[in-house]
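The structure appears below as structure tokens.
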Amino acid sequence: MKTKLFLAVAIILIVFLYTAKIFAQVSVNECKVLLNEISGSYDGSCKDGLAHGKGIAKGIDTYEGKFKNGLPDGKGKYIWANGDFFDGYFKVGKKNGEGILYTNTGKNKLRGIWKDDEFIKEIEEPLYQILQTQSVTSVSILEKQGGISNTIELVFNRNGQEMRYINTLMLSSSTGSSKESQSFSGFENAFFPFEGTVEFVAMNKLNTVSIRYKVKFRINKEGSWKVIIKY
């Protein structure tokens, strides 16, 4: 009797799980993308049968990013079949707002403002950007004249005293290699645009407690650079 009951429960459970799986697949398949070029398949959030939220849609072209009511809407990346792509903002399936258009397999790029898929104006790319700071007083980025190409030197400043090295220093970067020594700390053999992250632990100015410091930056122009971190 117990064996028969166990088998019955097991069969019911299997049927339930199989039905749930089929229902889930149907639900995903019913989540539509309304732009023909990317309507082949969709994986992501859905609302009322339409792509809505974050997702990726594929067809002749590919789009990954935010959707609203079945269309690209918000921040996203659209890749055409020929390899060109646009990384920026969309509204109702069209390029709207700031973005970068990459052509010729990424070798050429146009940074600017779009409206309803039409290019409005170009935006000059900044030489550098400070992406994130934690606990530091200030960050200055200077281009060095006559320095070694493709290097980024780090200088740490506490109360006017400059140092090239901190023993808790942790470095990471998008390209090149990091170096930490008493005479030079920073990055070598960098390719640009370059992103670097600098982290270290040191006492606060009152010398009462240890604090974690962090700086993340981006340099777009090739050259020799100095990053001065006051903390």
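Numbering (this note's numbering), first residue to last: 988 to 1218.
Beta carbons are placed, not taken as given, at the ideal position from N, Cα and C, and that holds for glycine.
The beta strand (DSSP E) enclosing residue i, as first and last residue numbers
| i | result |
| --- | --- |
| residue 1073 | 1072-1078 |
| residue 1033 | 1028-1034 |
| residue 1181 | 1181-1190 |
| residue 1060 | 1058-1066 |
| residue 1171 | Per DSSP, residue 1171 belongs to no beta strand (DSSP E) and is neither H nor E. |
| residue 1140 | 1138-1145 |
| residue 1133 | Careful: residue 1133 lies outside any beta strand (DSSP E) and carries neither H nor E. |
| residue 1152 | That residue, residue 1152, is in no beta strand (DSSP E); it is neither H nor E in DSSP. |
| residue 1202 | 1197-1206 |
| residue 1211 | 1211-1217 |
| residue 1177 | Taken as a continuous stretch (DSSP letters only), residue 1177 belongs to no beta strand (DSSP E), as it is neither H nor E. |
| residue 1095 | 1095-1102 |
| residue 1107 | 1105-1109 |
| residue 1090 | 1081-1090 |
| residue 1220 | Nothing about residue 1220 can be reported from this structure: the residues present for the chain run from 988 to 1218 only. |
| residue 1120 | 1115-1121 |
| residue 1161 | Premise fails: residue 1161 is in no beta strand (DSSP E) and is neither H nor E. |
| residue 1041 | 1037-1045 |
Own chain, CB closer than 6 Å to residue i, minus 5 neighbours either side, in chain order
| i | result |
| --- | --- |
| residue 1108 | 1099, 1100 |
| residue 1127 | 1215 |
| residue 964 | Coverage of the chain is limited to positions 988 through 1218, which leaves residue 964 absent and any answer about it impossible. |
| residue 1182 | 1161, 1205 |
| residue 1125 | 1217 |
| residue 1028 | 1045 |
Residue j beta carbon less than 8 Å from that of residue i
| i | j | result |
| --- | --- | --- |
| residue 1201 | residue 1120 | yes |
| residue 1063 | residue 1022 | no |
| residue 1041 | residue 1032 | yes |
| residue 1156 | residue 1212 | no |
| residue 1110 | residue 1085 | yes |
| residue 1209 | residue 1137 | yes |
is_contact[residue i, chain B] using C-beta, thresh 8 Å
| i | result |
| --- | --- |
| residue 1021 | No chain B appears in the structure shown, which is made up of a single protein chain. |
7 Å CB neighbourhood of residue i in its chain, flanking five on each side removed
| i | result |
| --- | --- |
| residue 1152 | 1167, 1168, 1169, 1172 |
| residue 1082 | 1073, 1075, 1101, 1104 |
| residue 1066 | 1048, 1049, 1072 |
| residue 1017 | 1036 |
| residue 1039 | 1032, 1033, 1054, 1055, 1056 |
| residue 1077 | 1059, 1060, 1061, 1063, 1083 |
| residue 1070 | 1092 |
Contacts around residue i, its chain only, beta-carbon distance under 8 Å, and the 5 residues preceding and following it disregarded
| i | result |
| --- | --- |
| residue 1112 | 1098, 1207 |
| residue 1026 | 1019, 1020, 1044, 1046 |
| residue 1188 | 1155, 1197, 1198, 1199, 1200 |
| residue 1131 | 1140, 1210, 1211, 1212, 1213 |
Segment contact, 8 Å Cβ cut-off, at least three pairs: the stretch 1048-1063 with the stretch 1089-1096: Touching, no, given that fewer than three Cβ pairs across the two stretches are closer than 8 Å.
Touch test, the stretch 1162-1175 against the stretch 1191-1200, Cβ-Cβ under 8 Å, three pairs minimum: Taking one beta carbon from each stretch, the stretch 1162-1175 and the stretch 1191-1200 have fewer than 3 pairs nearer than 8 Å; the two do not touch.
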